[in-house]
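A.B. asks:
In our numbering, the protein residues as written are -18 to 898.
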């Protein structure tokens, strides 16, 4: 009897303190009743659980269940008396004072028991004070280290945007308070999700509130932080409370009932469903709800899940609907799917026929609509919360790399309907919202509403298959503008997922008729201005006909009207100042912009502003090559190679070749026929203006007022009859090639096809420009002739070699060539030594030719680097031989053994200077 009394008193002293008692005894148990760890008694890892429940309740598949004292017995392999002694030692109790003394009467025994109880309570109070002091000191120490921030643990739970104290190692510090509002407990949660109570925490009845409220109508209590944060997003109108674990649901529910006697209490249960085992989460929730006349919301399904799991798997909208539908009384009476629960007096009742919250299109945008039952009127009121401008999911698709949702949108201030392909990984994320906002759509900035909108876009709308493209231009028979607008009718739906820095410039102001009457009319009769506009018109036609990249470079001294021409041409597709580019850019920046404007027009003003000629040369070569650089991807492999076709209009004070040569660079002939330099012809027709200055200002003004519409009408015209447009281009090319003089080089023929394209564009666009076919053809033909006068009919590379060779001799004949006087010695040529020359190019040999001309014997490596400059040796030799400048000593070779240097005959390239033809 005496031992039983001791055991009972020790067990009573340890009630609600078992986690700390066991910890002091070196017995580790999990902080959460759901956690399953190795059994401290038998070591088995098969489903050991520590439910506590104030009694130290536990369960092990291998060694059975019991209370805290039973666990001490199993760990120490002892009987109950010895276990009680060990627990008493951990509690600091003197077990001998607990023995009943036989022979004493009941009054004396009762008095002694009362005294012992008072002593025990005093001891417990002292221990509690000590634990509280220990907890406070530890909490202060952690609070000093913590900084407000977002937790990696919550981010992994799909809950970004919530700020909590974060320790230097990324651990979240969650502080709990008691009914009086004092901080009495704390839980740490690592980034991996490991949870521990801070030593000295008074967990029982302590809680954490997500968003405090003075007098909430509904209080929702759940176990973990992630669970309650998800519930908070589902029901932001309710007070959301974290109880830490299942064993604390009941104490916290009692606290909430005392604090908010009129509120409806809902326990957000964890569905701990397992085969042949108790559902701890459900049972604890039902027990807590039953004692406070509350309700239970249990995640549906046959798999273990809490409400955060359900939120992540099904999205916020579906989780919200499931939460509302799952409400039931703990006795098992389920609520109807269409009903919500209200508190009337102390009883739970249903709102009659109230809809769930939903997203609805109204007032020109999407709204989150929350129906609420009005107790006074008996009607259903609707609370509207704005989400965004008009958006709708209309399709899905892939581009070979990732999957997309296709969103239909209507930008603010525009009547045009656009389609944006948003990568699924961006839906609901800042990158996705930024993408849609960049298209001109207004979207809420409230995190909870963004989650609702993200889930709505993913779960609602059409699932039609679309073609996804990251480049503008012709796709599936229609044309995708760089801002995503589709012109024409595609063979299957097409959506744009790319972008350009000038996307805001592709807008429509006025009509095509207004552009014709106010912009095209001012350009009429001016050769170079009309040519610039025709380059813009030719861009989509060029790609339609299978052409490659090309550009027209208009050059003249400043104030000649070049910039005005570029702006007028740019107005065909949008706002001139926003579409116009500069040569002052990197090659990569130019390729990205070209790819984003694929099959389109690229206006580039003032080549002189490019600064570094070498950079301009690289940008031009890359731009007109039409293919970007192969680049590696961070995740492995290579990125998709950028490809494009564009027609560019460039301007400058010098032609492209001169600009390069003045900077010490030698442009390749391929560059010169891709970017064709045409002299700018001054404005001669002012079309009602007093002078050139007034005329230029009028064009700039009108081009900004009336822009964009004519380009879309032009593309629609081409899309309506593509075959006729292609036949027109082919016919003009044949006509132009046939009209070239005999002996025209392939390079000249190639440029002629570019002007043939401009001629075809002039004829096809005549209804839009108001210009006659004859005046357009005259402007195009004269511009070509101006180019041909400068370039010539022959091969430009041959011309470049001859020109460089002649310039080289004239420039360095007296400075880099060492005189080499010769004489006959036994029938052989002999050398005359001279002073050494720095940067030697070769030897100047005199007196060996009958015509008296000097020979320049050039070192082969110098000849290749400074005269050929990358041109093939065979082609360069033919050009110099045709010009009469190359002296071949050996058939088929450029260099020959010619003169003796240091007693050994060396190979040189022998040139003679001849009069220029």
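Glycine included, every Cβ here is placed at the ideal spot set by N, Cα and C.
Using the Cα positions of residue 53 and residue 64, report the straight-line distance between them to the nearest angstrom.
C.D. replies: Position 72 of the chain shown, counted from the start, is the residue given in the question as residue 53. Position 83 of the chain shown, counted from the start, is the residue given in the question as residue 64. Straight-line Cα distance between these residues: approximately 6 Å.
A.B. asks: Okay, do the segment 187 to 195 and the segment 223 to 232 touch, 3+ Cβ pairs below 8 Å being the bar?
C.D. replies: Yes: the two stretches touch, three or more of their Cβ pairs being nearer than 8 Å.
A.B. asks: To the nearest angstrom, how far is the alpha carbon of residue 654 from that of residue 138?
C.D. replies: Along the chain shown, read from residue 1 onward, the residue named residue 654 stands at position 673. Along the chain shown, read from residue 1 onward, the residue named residue 138 stands at position 157. Looking at the two C-alpha atoms, the distance is approximately 59 Å.
A.B. asks: Which one of 691, 132, 430 has the shortest CA to CA distance from residue 497?
C.D. replies: Locating residue 497 in the chain shown gives position 516, counting from the first residue. The shortest Cα separation from residue 497 among 691, 132, 430 belongs to 691.
A.B. asks: Leaving out five residues before and five after residue 485 in sequence, what residues of the same chain have Cβ atoms less than 7 Å from its Cβ?
C.D. replies: As a first step, residue 485 must be located in the chain shown, where it is residue number 504. For residue 485, where only same-chain residues beyond five positions count, the Cβ hits under 7 Å are 559.
A.B. asks: I need the straight-line Cα distance from residue 242 to residue 197, nearest angstrom please.
C.D. replies: Mapped onto the chain shown, residue 242 falls at position 261. Mapped onto the chain shown, residue 197 falls at position 216. Answer to the nearest angstrom: the Cα atoms are 10 Å apart.
A.B. asks: From the DSSP output, in three-state form, read off residue 552 for me.
C.D. replies: Counting from 1 along the chain shown, the entry for residue 552 is found at position 571. If DSSP states are grouped into helix, strand and coil, residue 552 belongs with coil.
A.B. asks: Since I believe residue 305 is in contact with residue 279 (beta carbons under 8 Å), could you give me their beta-carbon distance rounded to a whole number of angstroms?
C.D. replies: Counting from 1 along the chain shown, the entry for residue 279 is found at position 298. Counting from 1 along the chain shown, the entry for residue 305 is found at position 324. No, residue 279 and residue 305 are not in contact; Cβ-Cβ is about 12 Å, not under 8 Å.
A.B. asks: Does the segment 730 to 743 come into contact with the segment 543 to 555, if we say contact requires no fewer than three beta-carbon pairs (one atom in each stretch) closer than 8 Å?
C.D. replies: Flag = no, the segment 730 to 743 and the segment 543 to 555 do not touch.
A.B. asks: Evaluate residue 450 with the Cβ neighbour count: other Cβ atoms within 10 Å of its Cβ, from every protein chain shown; 16 or more gives buried, anything less gives exposed.
C.D. replies: Here residue 450 is taken as the residue at index 469 of the chain shown, counted from 1. Counting Cβ neighbours within 10 Å, residue 450 comes out buried, since at least 16 surround it.
A.B. asks: Does residue 258 pass the burial test, meaning 16 or more other C-beta atoms within 10 Å, or should it be called exposed?
C.D. replies: For the purposes of this step, residue 258 is taken as the residue at position 277 of the chain shown. Exposed: under 16 other Cβ atoms inside 10 Å.
A.B. asks: Is it right to say residue 523 is buried, meaning 16 or more other beta carbons lie within 10 angstroms of its own, or is it exposed?
C.D. replies: As a working mapping, residue 523 is identified with position 542 in the chain shown. Counting Cβ neighbours within 10 Å, residue 523 comes out buried, since at least 16 surround it.
A.B. asks: What residue does the alpha helix (DSSP H) around residue 206 start on, and which one ends it?
C.D. replies: The residue labelled residue 206 in the question sits at position 225 within the chain shown. 206 to 215 is the span of the alpha helix (DSSP H), which, as asked, contains residue 206.
A.B. asks: Under the DSSP definition of a beta bridge, which residues are partnered with residue 39?
C.D. replies: Against the chain shown, residue 39 aligns to sequence position 58. Bridge partners of residue 39: 31, 47.
A.B. asks: How is residue 71 classed by DSSP in three states: helix, strand or coil?
C.D. replies: Position 90 of the chain shown, counted from the first residue, corresponds to residue 71. Residue 71: helix per DSSP, three-state reduction.
A.B. asks: Rounded to the nearest angstrom, what separates residue 337 and residue 387 at their Cα positions?
C.D. replies: Taking the chain shown and counting its residues from 1, one reaches residue 337 at position 356. Taking the chain shown and counting its residues from 1, one reaches residue 387 at position 406. Computed Cα separation, rounded: 27 Å.
A.B. asks: Report the residue ranges of all alpha helix (DSSP H) runs contained in full by the segment 428 to 500; include only those spanning at least 4 residues, in chain order.
C.D. replies: Fully enclosed alpha helix (DSSP H) runs of 4 or longer: 428 to 440, 493 to 496.
A.B. asks: Measure from the alpha carbon of residue 205 to the alpha carbon of each residue in 218, 224, 444, 735, then state which is nearest.
C.D. replies: Locating residue 205 in the chain shown gives position 224, counting from the first residue. When only C-alpha atoms are compared, the closest one is 224.
A.B. asks: Assuming residue 740 is part of the alpha helix (DSSP H), what are its boundary residues?
C.D. replies: Start at 1 with the first residue of the chain shown, and residue 740 comes out as number 759. Segment 727 to 745, the alpha helix (DSSP H) holding residue 740.
A.B. asks: In whole angstroms, what separates the C-alpha of residue 397 from that of residue 391?
C.D. replies: Against the chain shown, residue 397 aligns to sequence position 416. Against the chain shown, residue 391 aligns to sequence position 410. Spanning the two alpha carbons is a distance of roughly 6 Å.
A.B. asks: With burial defined as no fewer than 16 other Cβ atoms inside 10 Å of the residue's Cβ, what is the status of residue 325: buried or exposed?
C.D. replies: If you number the chain shown from 1, residue 325 lands on position 344. Residue placement at residue 325 is poorly supported in this model, since its pLDDT is 30, which falls under 50; the coordinates still yield a value, given next. Exposed: under 16 other Cβ atoms inside 10 Å.
A.B. asks: With DSSP run on the structure shown, which of helix, strand or coil describes residue 687?
C.D. replies: For this step, residue 687 is matched to residue 706 along the chain shown. Coil.
A.B. asks: May I have the straight-line CA-CA distance separating residue 37 from residue 254, to the nearest angstrom?
C.D. replies: Residue 37 sits at position 56 when you count from the first residue of the chain shown. Residue 254 sits at position 273 when you count from the first residue of the chain shown. Straight-line Cα distance between these residues: approximately 22 Å.
A.B. asks: Mind checking if residue 377 is an interface residue toward chain D, Cβ cutoff 8 Å exclusive?
C.D. replies: Absent from the structure: chain D. Only one protein chain is present.
A.B. asks: From residue 882 to residue 526, what does the alpha carbon distance come to, in whole angstroms?
C.D. replies: Here residue 882 refers to the residue found at position 901 of the chain shown. Here residue 526 refers to the residue found at position 545 of the chain shown. Going from the Cα of residue 882 to the Cα of residue 526 covers about 60 Å.
A.B. asks: I think residue 277 touches residue 250, with their Cβ atoms under 8 Å apart; what is that distance to the nearest whole Å?
C.D. replies: For the purposes of this step, residue 277 is identified with residue 296 of the chain shown, where counting begins at 1. For the purposes of this step, residue 250 is identified with residue 269 of the chain shown, where counting begins at 1. The Cβ separation is near 5 Å, so the contact holds.
A.B. asks: Since residue 377 contacts residue 447 with CB under 8 Å, what's their CB separation in whole angstroms?
C.D. replies: For the purposes of this step, residue 377 is identified with residue 396 of the chain shown, where counting begins at 1. For the purposes of this step, residue 447 is identified with residue 466 of the chain shown, where counting begins at 1. That pair is a contact at about 7 Å.
A.B. asks: Using the C-alpha atoms, what's the distance from residue 373 back to residue 385?
C.D. replies: To locate residue 385, count along the chain shown from 1; it is residue 404. To locate residue 373, count along the chain shown from 1; it is residue 392. Their backbone Cα atoms lie some 14 Å apart in a straight line.
A.B. asks: How big is the Cα-Cα spacing for residue 878 and residue 783?
C.D. replies: In the chain shown, residue 878 corresponds to position 897, counting from 1. In the chain shown, residue 783 corresponds to position 802, counting from 1. Approximately 23 Å between the Cα atoms of the pair.
A.B. asks: Say yes only if the C-beta of residue 852 is nearer than 7 Å to one or more non-hydrogen atoms of the ligand FMN, and no if none qualify.
C.D. replies: This structure lacks the ligand FMN, and indeed carries no ligand of any kind.
A.B. asks: Given that a residue counts as buried once 16 or more other Cβ atoms are within 10 Å of its Cβ, and exposed if not, what is residue 129?
C.D. replies: Along the chain shown, one-based indexing puts residue 129 at 148. Looking at its Cβ environment, which holds fewer than 16 other Cβ atoms inside 10 Å, residue 129 is exposed.
A.B. asks: Give a yes or no on contact between the segment 719 to 732 and the segment 692 to 711, applying the rule of three or more CB pairs nearer than 8 Å.
C.D. replies: They do not touch, by the three-pair rule.
A.B. asks: Look at the Cβ atom of residue 838, then the Cβ atom of residue 889, and state whether they are nearer than 8 Å.
C.D. replies: Numbered from 1 along the chain shown, position 857 holds the residue referred to as residue 838. Numbered from 1 along the chain shown, position 908 holds the residue referred to as residue 889. Their beta carbons are under 8 Å apart, which means residue 838 touches residue 889 by this criterion.
A.B. asks: So what's residue 752 in DSSP terms, helix, strand or just coil?
C.D. replies: Locating residue 752 in the chain shown gives position 771, where the first residue counts as 1. Residue 752 falls in the coil class under three-state DSSP.
A.B. asks: Assuming residue 235 is part of the alpha helix (DSSP H), what are its boundary residues?
C.D. replies: Indexing the chain shown from 1 puts residue 235 at position 254. Note, residue 235: alpha helix (DSSP H), 230 to 240.
A.B. asks: According to DSSP, is residue 273 helix, strand or coil?
C.D. replies: Numbered from its first residue, the chain shown carries residue 273 at position 292. Residue 273: coil per DSSP, three-state reduction.
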